[in-house]
Amino acid sequence: AVVSTQSTGDILACRDHIVKLKDSNISLKRQIKGLQSPIEGISSASKEDLAREVRRSRQIIKGQNSKMIEMADTMTTMKQVAVKYEGERREMDELRSAHTAQNQLLQKLQEKVKVTRLLEKTCRDQEKVIEQLEVMVREGRPTALPPTSQLALPAPIAVPKLEPRETTEPDHTEGD
Numbered sequence: 018a019v020v021s022t023q024s025t026g027d028i029l030a031c032r033d034h035i036v037k038l039k040d041s042n043i044s045l046k047r048q049i050k051g052l053q054s055p056i057e058g059i060s061s062a063s064k065e066d067l068a069r070e071v072r073r074s075r076q077i078i079k080g081q082n083s084k085m086i087e088m089a090d091t092m093t094t095m096k097q098v099a100v101k102y103e104g105e106r107r108e109m110d111e112l113r114s115a116h117t118a119q120n121q122l123l124q125k126l127q128e129k130v131k132v133t134r135l136l137e138k139t140c141r142d143q144e145k146v147i148e149q150l151e152v153m154v155r156e157g158r159p160t161a162l163p164p165t166s167q168l169a170l171p172a173p174i175a176v177p178k179l180e181p182r183e184t185t186e187p188d189h190t191e192g193d
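Per our numbering, the sequence shown starts with residue 18, numbered consecutively.
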């Protein structure tokens with residue numbers, strides 16, 4: 018019973034396949050007939066008309082070929098411009114990066130100059146105070162300090178923290 022149901026299924030599948038093949042065969046025969054029948058317009062066209070149509074088609078092809086060559090040239094030019102632009106953009110990025118680094122270094126140096134000038138002024142002020150004290154000692158004035166109103170004491174300064182300098186020389190301060 019199992020074998021007969023498989024055979025029945027196979028037979029039905031074969032019938033369906035045969036029907037599809039017949040339909041396909043009919044369709045192909047129609048296509049062949051369509052190809053064998055004279056093409057409309059050509060059978061009635063003269064040789065001169067056909068030659069004129071061939072020349073016109075060739076001119077169209079030449080025009081399209083020249084447009085294609087022109088477009089290829091334009092595309093090549095555009096690629097060259099794009100490469101040049103990319104190079105210039107890269108150079109600009111490098112310059113911008115270098116400029117930023119230089120500005121940061123300049124700011125650090127300006128801050129160091131400012132601190133140095135401030136320290137120099139403080140040293141000068143302290144030297145003046147020391148000179149005044151030396152004069153007082155020479156004149157035999159009491160060693161006690163006079164009131165601060167009589168001395169030209171420098172105002173306290175706020176010194177910003179500086180980064181230690183990087184040196185390649187060995188540090189000789191240890192062990193001295």
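The beta-carbon is built from N, C-alpha and C at its ideal position, and this holds for glycine as well.
For residue j and residue i, the rounded distance between their alpha carbons
i, j, result
"S114", "N120", "10 Å"
"E144", "V130", "21 Å"
"C31", "K64", "52 Å"
"R198", "T94", "Nothing in the structure corresponds to residue 198, since the chain is present only between 18 and 193."
"V19", "I49", "Note that V19 scores a pLDDT of 48, beneath 50, so its modelled location is shaky and nothing firm can be said."
"M109", "M85", "36 Å"
"N42", "V36", "10 Å"
"Q81", "H116", "51 Å"
"L112", "E148", "53 Å"
"L150", "C140", "15 Å"
Continuous alpha helix (DSSP H) stretch holding residue i: start and end
i, result
"S114", "K64 to R155"
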